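Colleague: Pasting in a structure now, in structure tokens, and then I'll have a few things to ask.
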Amino acid sequence: MDIRSQIAMVFHLDKCIGCHTCSIACKNTWTNRKGAEYMWWNNVETKPGTGYPHKWEDQNIYKGGWDKKGNSVRLKGAGKFKGLSTLFHNPNMAVLEDYYEPFTYRYEHLFEAKAGDDQPTARPVSMITGEPMTPKSGPNWDDDLSGSKEYARKDVNFKGLSDAEQEAMFRLERMTMHWLPRICNHCLNPACVAACPSGAIYKRGEDGVVLINQKKCRAWRMCVTACPYKKVYYNWSTGKSEKCILCYPRLETGQIPACMHTCVGRIRYLGVLLYDADKIESAAACDDQDLLQNQMDIYLNPHDPEVIKAARKNGIADSTITSAQKSPVYKFVKEWGVALPLHPEFRTLPNLFYVPPLLPTMAFVENESYETTSESFWGAVEKSRLPMKYLANLFSAGNEKVIEIVLKKLMAVRLHRRNETVGDLPAGEVTDPMNEVKMDKETADAIFRLTSLAMHDERFVIPPAHREEAIEMIENTAKVEGNTGFGFREPPKRGL
Amino acid sequence: MSDYFFFIGLPYAALVVVIVGTLFRYLNFGFGVSSLSSQFLESRELYYGSRPFHWGIIFLFFGHLVAFLFPAEVLLWNSVPVRLLILEIAAFGFGIAALVGLVILVIRRLKNKRIRVVTSKMDVVVYVVLAVQIITGLWIALFFRWGSSWFASTLTPYMRSIFLFNPDIAAVTNLPLFAKIHIVSAFTLIGLIPCTRFMHFLVYPFRYLWRSPLYVIWNWDRKQIRATRNLYNGVKQKNT
Chain A
1 MDIRSQIAMV
11 FHLDKCIGCH
21 TCSIACKNTW
31 TNRKGAEYMW
41 WNNVETKPGT
51 GYPHKWEDQN
61 IYKGGWDKKG
71 NSVRLKGAGK
81 FKGLSTLFHN
91 PNMAVLEDYY
101 EPFTYRYEHL
111 FEAKAGDDQP
121 TARPVSMITG
131 EPMTPKSGPN
141 WDDDLSGSKE
151 YARKDVNFKG
161 LSDAEQEAMF
171 RLERMTMHWL
181 PRICNHCLNP
191 ACVAACPSGA
201 IYKRGEDGVV
211 LINQKKCRAW
221 RMCVTACPYK
231 KVYYNWSTGK
241 SEKCILCYPR
251 LETGQIPACM
261 HTCVGRIRYL
271 GVLLYDADKI
281 ESAAACDDQD
291 LLQNQMDIYL
301 NPHDPEVIKA
311 ARKNGIADST
321 ITSAQKSPVY
331 KFVKEWGVAL
341 PLHPEFRTLP
351 NLFYVPPLLP
361 TMAFVENESY
371 ETTSESFWGA
381 VEKSRLPMKY
391 LANLFSAGNE
401 KVIEIVLKKL
411 MAVRLHRRNE
421 TVGDLPAGEV
431 TDPMNEVKMD
441 KETADAIFRL
451 TSLAMHDERF
461 VIPPAHREEA
471 IEMIENTAKV
481 EGNTGFGFRE
491 PPKRGL
Chain B
1001 MSDYFFFIGL
1011 PYAALVVVIV
1021 GTLFRYLNFG
1031 FGVSSLSSQF
1041 LESRELYYGS
1051 RPFHWGIIFL
1061 FFGHLVAFLF
1071 PAEVLLWNSV
1081 PVRLLILEIA
1091 AFGFGIAALV
1101 GLVILVIRRL
1111 KNKRIRVVTS
1121 KMDVVVYVVL
1131 AVQIITGLWI
1141 ALFFRWGSSW
1151 FASTLTPYMR
1161 SIFLFNPDIA
1171 AVTNLPLFAK
1181 IHIVSAFTLI
1191 GLIPCTRFMH
1201 FLVYPFRYLW
1211 RSPLYVIWNW
1221 DRKQIRATRN
1231 LYNGVKQKNT
């Protein structure tokens, strides 16, 4: 048993209001630089939809993630020989057209235009060439466009859905959508790390954050292909790859990442998971239907004395173990089992989990009339507006049973709380669903509390990073007292 | 007199510049040591340019290296006319591939506005030197046959004399003009390595071949951190 700690996240999709505040916070903090204009380390997609970059989930196009090969896994579009022999031209790399050409407007023209007959306008210009251009796509070009031919119907998660079922999804009275905020998953089995020929990308041992050493990166671009979530971006100006750093300078000082701090819907949770690094390969290489369960089995119970003992032996700080015990992520993912990873079939073992959206049937058309009543208070989970199969393709590698259980749990909590606060439901209508998912009242209340009422310190449990001890192991801090800092101080300039 | 400059002065200047210059740039401005890839801005034409160019130039480089290191073996191989023809035609083919690739790359850089944004002045120099080098090479292969054989009696002794610090330019001064240009531009190219994007082939990531797929770095030795006696004795991590 090789226990390590990992900072993991939960996004509660039922609470996301699609405001993009997270994206803006991230953009203003990290990617408002030359060469990074098109990057959205945090982006919010409308589902069903094609996402950003266009159709990123379609690995027939981008060849991201891992393939199962015997008892191990192999990179789909990169790897030792494939990577080293395609450095001159990487055939599956996402290019600017797959994202969008970043643009701004010539605002100064509004003030500086010469007097004339027409009102001056601010024309859109490319942020790469500076030439006038017509914006044709953007990072959230299909925002809220559920049902559109160009985007929603080209979603790549319709596998296993018949044409009739797909058609039903887009009937006007049934049509629905949810938002999918995405950041880097800081995977346990990161494809970008394995694909980097320079060894510039690494996983931090202490908290599992995946980072790119800008000095070692040599622009071989294999990470862009390898990441199935397309969360590694190439900076065309500095010739370096960049990605979400989980705001590690903030984490190390006890602050939460910018996207989470600004989240209006308070959908985000962050905490520690302890996991067994010895099991990574077998969990990544199992059959499709076992992927989810095997990933869950990697994460260990931080209350188990055996686990605590092994963790201590492996150098995990007591403060980290305490944080793991209080972790809201552990509760959502392991204790309650209501949060699922996005696309586990990519086999990277992502550490960002989603509570799937509960989209109950509120109305349907029957006998030519618009029916708003249903047999029970919120209608049956099986009849939810998004087909179970669609959600299963997103969150459980196609396993509908898993989705059904999660949605039933969420529904049980709702029914229980309705009964507690209003008390207008017949007894059986509350207890039966709770018994079906074996949930007691305390658990339902706990889920309700963490979902709706929890304050900052319950939603975010950050372990102390102990960087002060770390730096003392590396440098004699007394010798550099009064200096500006450690490490990288070269300006990111090109030329030559 | 100019022969002394071009065939003794220039080679040594180039060798000094390449050794001192690459070390200086790598140690002080390591951030920029790579070929600034423009595939993200334009991918399709890069495929038709970059692939033939690189494969062509790599085979030509190793061909020249073999001819310099093992002249006797190359002569032995060439003693059968068919084998000589195979060698010369293959080399010429790689030369054509490199030239075609280079032309496509130059056109791509000229006509694409996005690529022009990421083009530096030294990139122009790189293209000129490469063009001269490849065109003179092809010219020699066409009109002064068979280079793979006379290389052994003229250029190998000359190169060897350069590396043994006992320069002897007698053989090269009698070469035709195009061969002389080829030599001069070759040393110019070597001298330009630290000043241009040529640096990238010095950092080709061979180590990737035997690296583990998962790369984890600890800020401290996690088994030792708890003991105060270990303060100040930690090992600096490789990646910092």
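In the order they appear, the protein sequences are chains A and B. Using the working numbering, the final residue of the first sequence is 496, and nothing's skipped along the way. Using the working numbering, the final residue of the second sequence is 1240, and nothing's skipped along the way. Cβ atoms here follow ideal geometry from the backbone N, Cα and C, with glycine treated the same way. Since we're looking at a predicted model, the values are computed, not measured.
Any beta-carbon of chain A closer than 9 Å to the one on residue 1064(B)?
Modeller: Taking the first residue of the second sequence as 1, we reach residue 1064(B) at position 64. So no, residue 1064(B) is outside the interface.
Colleague: Taking 6 Å as the limit between beta carbons, can you name the residues of its chain near residue 1197(B), skipping five residues before and five after?
Modeller: Along the second sequence, one-based indexing puts residue 1197(B) at 197. 1035.
Colleague: Using DSSP bridges, identify the partner residues of residue 132(A).
Modeller: As a working mapping, residue 132(A) is identified with position 132 in the first sequence. Its beta-bridge partners are 125(A).
Colleague: Which full runs of the alpha helix (DSSP H) of 4+ residues lie inside the segment 1143–1222 of chain B, going along the chain?
Modeller: Here the runs fully enclosed are 1147–1163, 1170–1173, 1177–1192.
Colleague: If you reduce the DSSP assignment to three classes, tell me which class residue 494(A) lands in.
Modeller: Along the first sequence, one-based indexing puts residue 494(A) at 494. The answer is coil: DSSP assigns residue 494(A) none of H, G, I, E or B.
Colleague: Could you pull the start and end residues of the beta strand (DSSP E) that residue 1025(B) belongs to?
Modeller: Residue 1025(B) sits at position 25 when you count from the first residue of the second sequence. Not the beta strand (DSSP E): residue 1025(B) falls in the alpha helix (DSSP H), residues 1010–1028.
Colleague: Taking 9 Å as the CB-CB limit, is residue 1239(B) close to chain A?
Modeller: Numbered from 1 along the second sequence, position 239 holds the residue referred to as residue 1239(B). A caution first: residue 1239(B) carries a pLDDT of 44, below 50, which makes its placement in the model too unreliable to give a value.
Colleague: Which same chain residues end up closer than 7 Å to residue 138(A) when comparing Cβ atoms and leaving out the 5 residues on each side of it in sequence?
Modeller: For the purposes of this step, residue 138(A) is identified with residue 138 of the first sequence, where counting begins at 1. If we look at residue 138(A) and ignore the five residues flanking it on each side, its Cβ neighbours are 100.
Colleague: Note down, in chain order, every chain A residue with its Cβ under 9 Å from the Cβ of residue 1216(B).
Modeller: By 1-based counting over the second sequence, the position of residue 1216(B) is 216. Within chain A, the residues near residue 1216(B) are 4, 193, 202, 203, 204, 205, 208, 277.
Colleague: Could you tell me whether any Cβ in chain A is nearer than 9 Å to the Cβ of residue 1109(B)?
Modeller: The sequence position of residue 1109(B) within the second sequence is 109, counting from 1. No - not a single Cβ of chain A is within 9 Å of the one on residue 1109(B).
Colleague: Taking C-beta pairs closer than 8 Å, name the residues in chain A that residue 1047(B) reaches, listed in chain order.
Modeller: Locating residue 1047(B) in the second sequence gives position 47, counting from the first residue. Those within 8 Å of residue 1047(B) in chain A are 89, 91.
Colleague: Distance, Cα to Cα, residue 1239(B) vs residue 200(A)?
Modeller: Indexing the second sequence from 1 puts residue 1239(B) at position 239. Indexing the first sequence from 1 puts residue 200(A) at position 200. At residue 1239(B), the pLDDT of 44 sits below 50, so the modelled position is not reliable and the matter cannot be decided from this model.
Colleague: Do the segment 200–214 of chain A and the segment 159–174 of chain A meet, that is, are 3 or more Cβ pairs less than 8 Å apart?
Modeller: Segments in contact, no.
Colleague: Quick check on residue 253(A): buried or exposed, where buried means 16 or more other Cβ atoms within 10 Å of its Cβ?
Modeller: Taking the first residue of the first sequence as 1, we reach residue 253(A) at position 253. Label assigned to residue 253(A): exposed.
Colleague: For chain A, is any of its Cβ atoms less than 9 Å away from the one on residue 1219(B)?
Modeller: Taking the first residue of the second sequence as 1, we reach residue 1219(B) at position 219. Closer than 9 Å to some Cβ of chain A, the Cβ of residue 1219(B) qualifies, so yes.
Colleague: Between the segment 125–141 of chain A and chain B, which residues of the former have a C-beta closer than 7 Å to a C-beta of the latter?
Modeller: Here the close residues are 128, 129, 131.
Colleague: Would you call the segment 1049–1061 of chain B in contact with the segment 1096–1112 of chain B, where contact means no fewer than 3 C-beta pairs closer than 8 Å?
Modeller: Counting Cβ pairs under 8 Å, three or more are found: they touch.
Colleague: Excluding the 5 residues flanking residue 1245(B) on each side, which residues of the same chain have their C-beta closer than 7 Å to its C-beta?
Modeller: Chain B is shown from 1001 up to 1240; residue 1245(B) falls before or after that span and cannot be answered.
Colleague: Just checking: is the beta-carbon of residue 1094(B) within a distance shorter than 9 Å of some beta-carbon in chain A?
Modeller: As a first step, residue 1094(B) must be located in the second sequence, where it is residue number 94. Closer than 9 Å: no.
Colleague: Are the CB atoms of residue 333(A) and residue 346(A) within a distance shorter than 9 Å?
Modeller: Stepping through the first sequence from its first residue, residue 346(A) is reached at position 346. Stepping through the first sequence from its first residue, residue 333(A) is reached at position 333. Contact: no.
Colleague: Could you tell me the boundaries of the alpha helix (DSSP H) in which residue 83(A) lies?
Modeller: Within the first sequence, numbered from 1, the residue matching residue 83(A) stands at position 83. Residue 83(A) -> alpha helix (DSSP H) spans 80–85.
Colleague: If I follow the unbroken alpha helix (DSSP H) through residue 298(A), where does it start and stop?
Modeller: One-based indexing of the first sequence puts residue 298(A) at position 298. Unbroken alpha helix (DSSP H) run through residue 298(A): 291–298.
Colleague: Would you call the CB atoms of residue 207(A) and residue 465(A) closer than 9 Å?
Modeller: Numbered from 1 along the first sequence, position 207 holds the residue referred to as residue 207(A). Numbered from 1 along the first sequence, position 465 holds the residue referred to as residue 465(A). Cβ atoms of residue 207(A) and residue 465(A): closer than 9 Å.
Colleague: Tell me which same chain residues have a C-beta within less than 6 Å of the C-beta of residue 419(A), skipping the five on either side of it?
Modeller: By one-based count along the first sequence, residue 419(A) stands at place 419. 425, 430, listed in sequence order.
Colleague: Taking the alpha carbon of residue 227(A) as the reference point, which residue from 271(A), 32(A), 78(A), 316(A) has its own alpha carbon closest?
Modeller: Along the first sequence, read from residue 1 onward, the residue named residue 227(A) stands at position 227. Of the listed residues, the one whose Cα sits closest to residue 227(A) is 78(A).
Colleague: Which residue or residues does DSSP assign as beta-bridge partners of residue 9(A)?
Modeller: Residue mapping note: residue 9(A) aligns to position 9 of the first sequence, counting from 1. According to DSSP, residue 9(A) bridges with 270(A), 352(A).
Colleague: To which residues does DSSP link residue 457(A) through a beta bridge?
Modeller: Within the first sequence, the letter at position 457 stands for residue 457(A). DSSP lists no partner for residue 457(A).
Colleague: Checking contacts by CB at 9 Å: is residue 1017(B) closer than that to chain A?
Modeller: In the second sequence, the residue the question calls residue 1017(B) occupies position 17. For residue 1017(B), the answer is no, since every Cβ of chain A falls outside 9 Å of its Cβ.
Colleague: Are the C-beta atoms of residue 280(A) and some chain B residue less than 9 Å apart?
Modeller: In the first sequence, the residue the question calls residue 280(A) occupies position 280. Interface residue, yes.
Colleague: What is the rounded straight-line gap between the Cα of residue 121(A) and the Cα of residue 249(A)?
Modeller: Sequence index remark: in the first sequence, residue 121(A) carries index 121 (1-based). Sequence index remark: in the first sequence, residue 249(A) carries index 249 (1-based). Looking at the two C-alpha atoms, the distance is approximately 41 Å.
Colleague: State the DSSP-derived secondary structure class of residue 3(A), mapped to helix, strand or coil.
Modeller: Within the first sequence, residue 3(A) is the residue found at index 3, counting from 1. Of the three classes helix, strand and coil, the one that applies to residue 3(A) here is strand, per DSSP.
Colleague: Helix, strand or coil for residue 165(A)? Go by DSSP, reduced to three states.
Modeller: For this step, residue 165(A) is matched to residue 165 along the first sequence. DSSP places residue 165(A) in helix when its eight states are reduced to three.
Colleague: Would you say residue 264(A) and residue 243(A) are within 9 Å of each other, going by their C-beta atoms?
Modeller: In the first sequence, the residue the question calls residue 264(A) occupies position 264. In the first sequence, the residue the question calls residue 243(A) occupies position 243. Not in contact: residue 264(A) and residue 243(A) (Cβ atoms no closer than 9 Å).
Colleague: Of all the alpha helix (DSSP H) runs that stay within the bounds of the segment 173–207 of chain A, which reach a length of 4 or more residues?
Modeller: If we require 4 residues or more, the alpha helix (DSSP H) runs fully inside the segment 173–207 of chain A come out as 191–195.
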